[in-house]
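Asker: Sharing a structure below in structure tokens format, with a few things to ask.
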Amino acid sequence: MTLQTIFEQNREHLLSAISGTAAVAATRALNSELDRILYTFNDQEENARVREAAGSMIQVAKAACSLVDSDGETKVYGRTDYSKPGSGKQKVSKGFLLLLILGLIGAAATVIGAQLIASSAAAGSADWQSAGLPPRYVLALVPLLTVLLFFFAGTLFRRRKETSKETLHAETTMDTSKIYNHLLAVILVIDKQLEDVRNSVRQEERERLKDRGAGLDPAELDLLSQLLEDAYGRKGRDEQADEEISQIKFYLHKKNIDVVDWSADAGKADAEGAITQGSGWFDMIPAYTGGTIRPAIAADGELLKKGMASAGKG
332 MTLQTIFEQN REHLLSAISG TAAVAATRAL NSELDRILYT FNDQEENARV REAAGSMIQV
392 AKAACSLVDS DGETKVYGRT DYSKPGSGKQ KVSKGFLLLL ILGLIGAAAT VIGAQLIASS
452 AAAGSADWQS AGLPPRYVLA LVPLLTVLLF FFAGTLFRRR KETSKETLHA ETTMDTSKIY
512 NHLLAVILVI DKQLEDVRNS VRQEERERLK DRGAGLDPAE LDLLSQLLED AYGRKGRDEQ
572 ADEEISQIKF YLHKKNIDVV DWSADAGKAD AEGAITQGSG WFDMIPAYTG GTIRPAIAAD
632 GELLKKGMAS AGKG
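In short: position in the sequence shown from 1, add 331, done, that's our numbering.
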């Protein structure tokens, strides 16, 4: 299983985790996803060198997550803060007070003018002028001016009440698709590098087997190891399993390759005089019964294929 396969299995969950988040939260989610990928990969990868290489590359990818170009659309919006009624005293403008006073004066003048016009309605224009009173059209304009003064005063008062403060805010959303594609590109590069490591390990194994004259290909060695594991699983319950184990051991023995069972007494000879190896040649797993699950394969005292064993519950 490749890192790409593991990564794409969790695509929707990752996109949901980084959608609408800030850069810091998105980086944290990416790091968690890379940790999950590495854990899953190491759980099914047998080669220690490949696991080590994967761990180093994933650490580099985690360090580079904050450098991913993830800027999306920038939104600029305004926010208006309105003061609550009764939250504090509001200052009255001087213009409003001036217009209000002039309007009140105009209203008083209108009332007085109306009384003068009513009391002298029967008098002639000569008597009106001889009394030293202003022309009638002037008194007629006073109500109009009064209305205008009250109108402008009300306009100033309303503008004062609706005064608000607006501030502009800019918000950049995360482009989740771009982040995913960038990380996928990194994963693909890591997969390519891990495949190169695997090829290098296979080539080293071929050369090592060739130097020993065993004439055994790593693929054939893996197949024989799997057959031994299957036969050991049926050992004691299937008579044919013992025969299969004996045949495989004999085939490998002709190529100067040893099949080694696990023993708690590392380096000691068993009842038949064969030297056993401890947990250094075996992957130890928990099991109810202790013993060899898959034997190790070695040549000239050097491990060729690691085995699997359990020390049991005790």
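Positions of the beta carbon are idealized from the N, C-alpha and C atoms, including for glycine. Please read these numbers as outputs of a predicted model, since none were measured by experiment.
Could you name the residues of the same chain whose beta carbon sits closer than 6 Å to that of Val517, not counting the 5 residues immediately before and after it, in chain order?
Answerer: Only Ala392 meet the Cβ criterion.
Asker: Apart from the five residues on each side of it in sequence, which residues of its chain come closer than 7 Å, Cβ to Cβ, to Ser556?
Answerer: Arg625, Ile628, Lys636
Asker: Bridge partners for Val590 per DSSP, in chain order?
Answerer: Looking at the DSSP assignment, Val590 forms a beta bridge with Ile628.
Asker: Which residues in the same chain as Trp593 place their Cβ atom closer than 6 Å to its Cβ, once the five residues preceding and following it in sequence are excluded?
Answerer: Phe613, Thr623, Ala640
Asker: Can you look up Asp573 in the DSSP assignment and give me helix, strand or coil?
Answerer: helix
Asker: With a threshold of 8 Å on Cβ separation, who are the neighbours of Gly417 within its own chain once the five nearest residues in sequence on each side are excluded?
Answerer: Residue placement at Gly417 is poorly supported in this model, since its pLDDT is 48, which falls under 50; the coordinates still yield a value, given next. No residues qualify anywhere along the chain.
Asker: Rounded to a whole number of angstroms, what is the C-alpha to C-alpha distance between Ser363 and Arg382?
Answerer: 18 Å
Asker: Among Leu428, Ala357, Glu377, which residue has its Cα nearest to the Cα of Gly638?
Answerer: Glu377
Asker: Going by DSSP, what residues sit across from Leu634 in a beta bridge?
Answerer: Ala629
Asker: Along the chain, where does the alpha helix (DSSP H) containing Met388 start, and where does it finish?
Answerer: 379 to 395
Asker: Closer than 6 Å by C-beta to Gly643: which residues in its own chain qualify, once you throw out the five before and the five after it? Chain order, please.
Answerer: Thr620, Gly621
Asker: Report all residues from its chain with a CB closer than 8 Å to the CB of Lys566; omit the five preceding and five following residues, and keep chain order.
Answerer: Ala572, Asp573, Ile576
Asker: State the Cα-Cα distance for the pair Phe482 and Leu433, rounded to the nearest angstrom.
Answerer: Here the alpha carbon of Phe482 sits roughly 12 Å from the alpha carbon of Leu433.
Asker: Which residue wins for smallest C-alpha separation from Glu551, given the options Leu435, Leu583, Asp527?
Answerer: Leu583
Asker: Specify, as a first and last residue, the run of the alpha helix (DSSP H) that Asp614 falls within.
Answerer: Note, Asp614: premise wrong, no alpha helix (DSSP H); beta strand (DSSP E) at 613 to 615.
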